[in-house]
Amino acid sequence: MTINVADAETLLSYAEEMVSYGYQFAAYPLKLITDSDTIQFFRTSMAAADYCLVGPNDVDYFKNIPITSLINDLNIILQSGIDTSRIETVDVNDFMHLYKERNELNENNLNANTMNEKNLEYLKDQLKYTGMGETFETELKENMQKGDKDFKIIHSGIMNNGVPNNDTLTVELNFKKSDQSDIYFFNSYHVNLQKEENKPGLEQTFYINNDGTSITLKEAYNLMEGRSVNKDLKTKEGESYNAWLKMDFKESESNGNFKINHFHQNYGYDLEASLEKHSIKELQTPNYKENLMSSLKKGNLQSVTFVVNGVESKMFVEANPQFKTLNVYDGSLQRINHRESKQQKQSESKDKNVSNDNDDEPAQKEQNSIARQRKAGKSV
4 MTINVADAET LLSYAEEMVS YGYQFAAYPL KLITDSDTIQ FFRTSMAAAD YCLVGPNDVD
64 YFKNIPITSL INDLNIILQS GIDTSRIETV DVNDFMHLYK ERNELNENNL NANTMNEKNL
124 EYLKDQLKYT GMGETFETEL KENMQKGDKD FKIIHSGIMN NGVPNNDTLT VELNFKKSDQ
184 SDIYFFNSYH VNLQKEENKP GLEQTFYINN DGTSITLKEA YNLMEGRSVN KDLKTKEGES
244 YNAWLKMDFK ESESNGNFKI NHFHQNYGYD LEASLEKHSI KELQTPNYKE NLMSSLKKGN
304 LQSVTFVVNG VESKMFVEAN PQFKTLNVYD GSLQRINHRE SKQQKQSESK DKNVSNDNDD
364 EPAQKEQNSI ARQRKAGKSV
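Numbering-wise, our numbering comes out as the position in the sequence shown, counting from 1, plus 3.
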């Protein structure tokens with residue numbers, strides 16, 4: 004259907020008026036400009052179809068459409084912002100085709116933007132729960148908008164565990180786009196731990212799992228410090244299990260990573276029992292005890308208070324599942340051997356026993372006095 008743009012509003016009014024009279028279909032000429040003189044209206048589709056088959060003469064060809072469709076197309080043309088004051092023709096079918104294509108493109112862009120926003124939020128959550136914080140949104144968005152197949156984000160900072168040091172941790176976050184879509188995935192992060200300036204640092208790549216068992220940045224740091232981390236993991240078959248992890252710096256894997264040894268739940272390490280062998284004040288309070296055990300399971304070097312002969316002193320402890328014990332350090336982070344720590348515990352227990360014996364002395368004296376009085380009474 005070809006119309007004069009200047010006639011669009013008049014033709015629209017005419018069609019709406021015919022609908023009010025009960026007409027439902029219109030027939031328009033294919034080779035002529037459609038206007039109020041050349042368009043015909045009918046009440047039924049059959050009448051419109053018959054008119055198209057037997058046109059006024061052999062050179063005229065007509066096509067019929069529902070009037071509601073014509074009204075919709077004319078409304079869209081008028082609302083498009085087209086200049087109706089100009090005398091020019093427009094093919095309604097071509098115009099509507101371009102209009103639909105533009106709408107589909109806008110919708111696809113909108114869907115893509117929505118998908119990108121969801122992808123961005125997903126990546127932000129992954130970084131957050133892997134212990135990377137919430138500071139990478141701008142860098143993530145900028146890299147995702149570039150559309151590259153993969154990209155990296157590098158971050159450096161000082162890492163310590165509540166103890167004085169200048170350990171520099173450089174983290175390289177690795178992202179890759181799916182081969183099937185524009186979705187990006189956080190696949191792994193590479194860590195460089197430099198403990199001494201101008202010397203090569205330890206390096207290890209940690210891979211991201213989608214089952215919630217990924218090693219966090221703090222856990223990665225603790226592993227690279229030589230400590231052990233307790234994790235709930237899953238087998239390739241999806242079965243859950245618990246294990247202590249410890250990095251083996253003497254053995255490397257084919258990908259260049261240090262091997263990580265697993266001490267499974269059946270290995271027999273009891274963290275609570277290992278703690279109870281030491282005179283640790285925090286164990287006397289359930290909440291403090293729970294927090295202490297949770298911290299040690301994350302691989303932290305944890306500050307605690309030892310009480311020996313009534314004297315409190317600050318110490319540091321870390322889990323040692325490989326040897327089923329607890330490593331103890333003094334306030335200067337000097338290692339205290341297990342025998343020395345055990346002797347402290349025995350000393351504390353001995354003091355308690357002596358105290359209990361002293362508490363019993365008055366009662367024992369009183370019992371002896373009563374016994375003597377009874378004996379004297381019988382003699383009388």
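Glycine is no exception: its CB is placed at the ideal position from the N, C-alpha and C atoms.
Distance CB(residue i)-CB(residue j) smaller than 8 Å
{"i": "Val22", "j": "Ile70", "result": "yes"}
{"i": "Lys262", "j": "Gln325", "result": "no"}
{"i": "Ile211", "j": "Phe178", "result": "no"}
{"i": "Tyr64", "j": "Lys34", "result": "yes"}
{"i": "Leu14", "j": "Ser39", "result": "yes"}
{"i": "Val95", "j": "Ile6", "result": "yes"}
{"i": "Lys237", "j": "Ser243", "result": "yes"}
{"i": "Met227", "j": "Val194", "result": "yes"}
{"i": "Asp170", "j": "Ile161", "result": "yes"}
{"i": "Asn225", "j": "Lys300", "result": "no"}
{"i": "Phe98", "j": "Ile80", "result": "yes"}
{"i": "Thr47", "j": "Phe28", "result": "yes"}
{"i": "Val311", "j": "Ser335", "result": "no"}
{"i": "Lys284", "j": "Glu315", "result": "yes"}
{"i": "Glu12", "j": "Thr92", "result": "no"}
{"i": "Glu137", "j": "Lys121", "result": "no"}
{"i": "Glu222", "j": "Gly302", "result": "yes"}
{"i": "Asp235", "j": "Thr216", "result": "yes"}
{"i": "Phe45", "j": "Tyr26", "result": "yes"}
For residue i, three-class secondary structure by DSSP
{"i": "Val357", "result": "Caution applies to Val357, whose pLDDT of 46 falls short of 50 and renders its modelled position unreliable; the value that the coordinates give is listed next. It is helical."}
{"i": "Arg105", "result": "helix"}
{"i": "Asn290", "result": "helix"}
{"i": "Asn177", "result": "strand"}
{"i": "Asp10", "result": "helix"}
{"i": "Tyr332", "result": "strand"}
{"i": "Pro69", "result": "strand"}
{"i": "Asn116", "result": "helix"}
{"i": "Gln183", "result": "coil"}
{"i": "Pro203", "result": "coil"}
{"i": "Leu56", "result": "helix"}
{"i": "Thr308", "result": "strand"}
{"i": "Glu256", "result": "coil"}
{"i": "Lys34", "result": "coil"}
{"i": "Thr141", "result": "helix"}
{"i": "Ser316", "result": "strand"}
{"i": "Asn213", "result": "coil"}
{"i": "Asn340", "result": "coil"}
{"i": "Ile90", "result": "coil"}
{"i": "Asn225", "result": "helix"}
{"i": "Asn303", "result": "coil"}
Bridge-paired residues (DSSP) for residue i
{"i": "His265", "result": "Leu248"}
{"i": "Asp235", "result": "Asn245"}
{"i": "Ile85", "result": "DSSP, once it has assigned bridges, lists no residue as partnering Ile85."}
{"i": "Asp40", "result": "None, per the DSSP bridge assignment."}
{"i": "Asn195", "result": "Thr173, Glu206"}
{"i": "Ile157", "result": "Glu175"}
{"i": "Phe326", "result": "For Phe326, which the question treats as bridged, DSSP gives no partner whatsoever."}
{"i": "Phe98", "result": "According to DSSP, Phe98 bridges with nothing at all."}
{"i": "Glu321", "result": "Asn330"}
{"i": "Thr5", "result": "Ile36, Asp94"}
{"i": "Ile80", "result": "Looking at the DSSP assignment, Ile80 forms no beta bridge with any residue, so it has no partner."}
{"i": "Ile283", "result": "Phe309"}
{"i": "Ala29", "result": "Phe44, Ile68"}
8 Å contact criterion, which residue i and residue j should meet: CB distance rounded
{"i": "Leu172", "j": "Leu196", "result": "6 Å"}
{"i": "Thr133", "j": "Leu220", "result": "6 Å"}
{"i": "Tyr192", "j": "Leu176", "result": "5 Å"}
{"i": "Ala51", "j": "Ala18", "result": "Contact doesn't hold; Cβ gap of about 13 Å is too wide."}
{"i": "Met147", "j": "Asn116", "result": "Incorrect: roughly 11 Å between the Cβ atoms, too far for contact."}
{"i": "Lys292", "j": "Leu286", "result": "5 Å"}
{"i": "Asn2", "j": "Gln268", "result": "Any answer about residue 2 is impossible in this case: the structure gives the chain only from 4 up to 383."}
{"i": "Asn260", "j": "Asp251", "result": "10 Å between Cβ atoms; not a contact."}
8 Å Cβ cutoff, residue i in contact with chain D
{"i": "Leu81", "result": "Included in the structure is just one protein chain, with no chain D present."}
Should the segment 298-313 be called in touch with the segment 250-267, which here means at least 3 C-beta pairs below 8 Å?
In short, these stretches do not touch, since the Cβ pair count stays below three.
The segment 315-334 / the segment 263-274 touching (three or more Cβ pairs under 8 Å)
yes
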